[in-house]
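Let me begin by presenting the structure, written as structure tokens, before commenting on it.
Numbering (my numbering), first residue to last: 8 to 168.
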């Protein structure tokens with residue numbers, strides 16, 4: 008979050024940018040903001056992103072950016088890889104460069120993707136130790152319950168190992 012906060016400040020320093028808000032659009036709330044106080048726009052941001060992401064334009068595609076032009080401003084919504092998060096940027100149409108801001112926001116979105124650990128192992132190296140241990144009787148009960156669900160019958164089966 009700290010790195011994202013720094014990147015938001017960098018976007019705010021671009022010519023014409025008035026505000027940068029990190030919005031959780033599923034919950035309709037502002038998580039962080041810099042510049043003009045546009046926190047009240049969280050509901051509007053949620054409505055716009057939801058309309059595009061879940062509406063008839065979606066058709067299996069992933070939304071990256073949405074640009075809405077109003078009066079003297081561009082409102083730019085950049086959806087992040089983290090579920091429910093997007094950046095909302097308000098930029099002056101006359102002073103700012105839409106292309107430059109979009110380019111910078113794409114870099115921020117790319118950097119904001121969660122880094123997954125590399126799970127590949129070289130042959131012959133030991134497997135990592137389990138972070139938690141589960142007792143065998145618990146595992147057997149879970150396995151039995153899953154087998155009952157998968158067969159769709161009321162019969163009970165016992166796993167004996």
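No residue lacks a Cβ here, since even glycine has one placed at the ideal position from N, Cα and C.
Can you have a look at residue 22 and say buried or exposed, based on whether 16 or more other CB atoms are within 10 angstroms of its CB? Indexing the chain shown from 1 puts residue 22 at position 15. Label assigned to residue 22: exposed.
The beta strand (DSSP E) enclosing residue 21, as first and last residue numbers: Working through the chain shown from its first residue, we reach residue 21 at position 14. It is not in any beta strand (DSSP E) - residue 21 carries neither H nor E in the DSSP assignment.
Do residue 84 and residue 108 count as a contact pair if the criterion is CB distance below 8 Å? The count along the chain shown starts at 1 and reaches residue 108 at position 101. The count along the chain shown starts at 1 and reaches residue 84 at position 77. No, they are not a contact pair.
Three-state secondary structure assigned by DSSP to residue 56: Locating residue 56 in the chain shown gives position 49, counting from the first residue. The answer is helix: DSSP assigns residue 56 an H, G or I state.
Counting only runs of 3+ residues fully inside the stretch 63-89, write out the beta strand (DSSP E) ranges in chain order. Complete beta strand (DSSP E) runs here, min 3: 72-77, 80-86.
Closest by C-alpha distance to residue 31, when choosing among 100, 53, 62: Against the chain shown, residue 31 aligns to sequence position 24. Closest option to residue 31, Cα to Cα, is 53.
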